[in-house]
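A quick write-up on the structure given underneath.
Protein chains: 2
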Amino acid sequence: MKPSAAPAERPLRADARRNRERILAAAKTAFAEAGVHAQMEDVARRAGVGVGTVYRHFPTKEALIGELLAEKFRLLLQGAREALDVEDPWEAFAGTLRRNAELMAADAAVQDALMRVEADWSHAEEARQELKATFAIVIDRAKAAGVVRDDFTIDDVPMLMCGLCSTMAAGPPGEPFDWRRHLEFILDAVRAR
Amino acid sequence: MKPSAAPAERPLRADARRNRERILAAAKTAFAEAGVHAQMEDVARRAGVGVGTVYRHFPTKEALIGELLAEKFRLLLQGAREALDVEDPWEAFAGTLRRNAELMAADAAVQDALMRVEADWSHAEEARQELKATFAIVIDRAKAAGVVRDDFTIDDVPMLMCGLCSTMAAGPPGEPFDWRRHLEFILDAVRAR
DNA sequence: CAATATACGGAATCCTCTCTCCGCTTGTCA
DNA sequence: TGACAAGCGGAGAGAGGATTCCGTATATTG
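Sequence order for the protein chains is A and B. Read the first sequence against this note's numbering and you will find it ends at 177, with the numbers running on by one and no gaps. Read the second sequence against this note's numbering and you will find it ends at 177, with the numbers running on by one and no gaps.
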C-alpha cells in the first residue's frame, strides 16, 4: 500500500539540516502568532535565512504549514495516548480535551487551518487517523462507564473542537472570548445526565 | 449625544438610488455565497454596473460588508423581538437560537465576519446592542422559569454562536459538519438540569 | 430644451504577497 | 587541499484584487 517513502534520500548537508530546523522553529512561532497570515519573509527573517532557502526546504507555504499541522497532530495524538492510562474514564476523556485544547490555543495557525482549507493536510493525515482511533477508545470507555452520553460519537469531536478553536481566535477586539468556559459548556453537554 | 446624521443630504438621483439597491442586492447574494472572498467585480457584474459605481456608493469593501452585516443583525434582532411574545420560556429561548442560526447559516459572509475582524462593524453596532438587550430579557425569563442554567449569561451567546458559525463553514471538504447537531449540543449544555 | 451637477464605466494603477532564478558560497570527499 | 555538488540569498517576476481616475452619459432644474 505504501511505497518506500524515499528511494535514496542522501543525507542533508550539515548546514542545510541546521537551516531546516531553524526554519521550522521560526515558522512555528511566526504562524503561532499571526496565523496563516504570517508571511514567508517573516519566517525567513526570523530564521536568519533568505526566502529562497525557505523555499528550498518547503516547496510552498501550504506545505510548510502542513508540516506544522502534522507536528501539532502528533502532539494531540500523544495526549490521547496518555489518556489510555488514566483510570477514571471521565477524567481520561475530559482531561484530554482540556489538555489538547490548550495545545490548540497556543497556535493561531492551527486554528486557522482547522477552520479553512488552506493547508496541506496530507502530512497530518496519519496522526489524525491514529488520533481518531485512539480517542475513540477513550470515548468508548467513557460511554461504557456511563459518564458520556450514548449518542456521542468520535465524529462529534472535530466539529466541537472546530467551534471551540474559532472562539479562541475571535471575539470583540481587545476582550477575547473565554474559550475555557466554552469548553466547559461542551463537556457539560457531552456528559451523561 | 447623537449629532444630526447628515447636515443636508440631498436626495440621490433616481438612477443612483436604483443602482444602490441593485448593488446591495447583488452584494447580498455574492457574499452570502462566497463569504468575504467574493470580489468587488463580482458584485458589480451581478448588479449590472461598473466597479466605479460600486465604489461611488460604498467607499470600501469593508464598508459594503459592514452594511450587509448591519442588515443581518436587524434580522436577528427581529427574531429576538418575536421571541418576547412566545409563551413558553424555553421555546422562546431555544426557538430563537434555532431560527437565528438558520439565518446565519444562509450567509457565509456573516460567518466570516463573525470570526475575523475584517468588516466595519460600526453600522451594525446599534442593532447589536439592541439584540443583546432584547435577548437578555428572553434569557432572564428562561432563567426565572428554571429552564436555563443560572450561570448562563447573555455574553455567552456571541461566544457560542461564533463557535457554531465556524462549524457551518468548516468541516472536511465535501462533508460539512452537521451544525444543527452542534446547536443541539449547545442547547443541552445550557438547559438547566 | 439648454445648462449643469450627478453618476457611470472600466481600463489603469497600486499593493501585497508568493514563488522563481541564477550567480555566489560553502560543506564534503578523495 | 582542490574539485564540485549542494546550498544560499534576495532581487524581481507574477498574480490576484482593491481602489482610483477621468472622459462620457444622463437626471434635474429653470
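For glycine and all other residues, C-beta sits at the position ideal for the given N, C-alpha and C. For clarity, every value in this text was computed on a predicted model and none was experimentally measured.
{"Item": "Alpha-carbon to alpha-carbon, Glu168 (chain A) and Val20 (chain B)", "Value": "31 Å"}
{"Item": "Within-8 Å CB hit, Ala154 (chain A) to chain B", "Value": "yes"}
{"Item": "Alpha carbon of Arg178 (chain A) to alpha carbon of Thr118 (chain A), nearest angstrom", "Value": "Given that chain A is displayed from residue -15 to residue 177, the structure contains no residue 178 (chain A) and the question cannot be resolved."}
{"Item": "Where the segment 76 to 93 of chain A meets chain B: residues whose CB sits under 9 Å from a CB there", "Value": "none"}
{"Item": "C-alpha distance - Phe42 (chain A) paired with Leu8 (chain A), whole-angstrom precision", "Value": "10 Å"}
{"Item": "Cβ neighbours of Gly50 (chain B) in the same chain (closer than 6 Å, five flanking residues each side left out)", "Value": "Ala103, Asp104 and His107"}
{"Item": "Contact under 8 Å by Cβ, His166 (chain B) with Met88 (chain A)", "Value": "no"}
{"Item": "Minimum C-alpha distance to Ala16 (chain A) - residue among A:Phe136, A:Pro73 and A:Ala93", "Value": "A:Ala93"}
{"Item": "8 Å CB neighbourhood of Leu(-4) (chain A) in its chain, flanking five on each side removed", "Value": "Arg4"}
{"Item": "Interface flag, Leu167 (chain B) vs chain A, CB-CB below 8 Å", "Value": "no"}
{"Item": "Cα-Cα separation between Ala157 (chain A) and Ala153 (chain B), rounded to whole angstroms", "Value": "It should be noted that the sequence gives Pro, not Ala, for residue 157 (chain A). Taking the straight line joining both Cα atoms gives about 22 Å."}
{"Item": "Assigned exposure category for Gln113 (chain B) - 16 Cβ within 10 Å defines buried", "Value": "exposed"}
{"Item": "Beta-carbon proximity list for Ala76 (chain B), same chain, < 6 Å, skipping 5 on both sides", "Value": "Ala67, Val70 and Val122"}
{"Item": "Thr44 (chain A) to Asp91 (chain B) span [Cα, whole Å]", "Value": "31 Å"}
{"Item": "Span of the alpha helix (DSSP H) around Phe161 (chain A)", "Value": "Looking at the DSSP string, Phe161 (chain A) is not in any alpha helix (DSSP H), and its letter there is neither H nor E."}
{"Item": "Sub-8 Å separation of Gly147 (chain A) and Thr151 (chain B) beta-carbons", "Value": "yes"}
{"Item": "Glu109 (chain B) versus B:Ala176, B:Met24, B:Arg30 and B:Lys56, residue with shortest Cα-Cα distance", "Value": "B:Lys56"}
{"Item": "Val132 (chain B), DSSP secondary structure in three states", "Value": "strand"}
{"Item": "For Ala173 (chain A), the nearest candidate out of B:Pro160, B:Cys149, B:Phe161 and B:Arg133 (CA to CA)", "Value": "B:Arg133"}
{"Item": "Contact set between Ser150 (chain A) and chain B, taken where Cβ atoms lie within less than 7 Å", "Value": "Met99, Cys146, Gly147 and Ser150"}
{"Item": "Which of helix, strand or coil DSSP assigns to Arg83 (chain A)", "Value": "helix"}
{"Item": "When B:Arg40, B:Glu46, B:Thr37 and B:Ala176 are compared against Arg125 (chain B), the one with the closest alpha-carbon", "Value": "B:Ala176"}
{"Item": "Min CB distance Ala173 (chain A) to chain B below 8 Å", "Value": "yes"}
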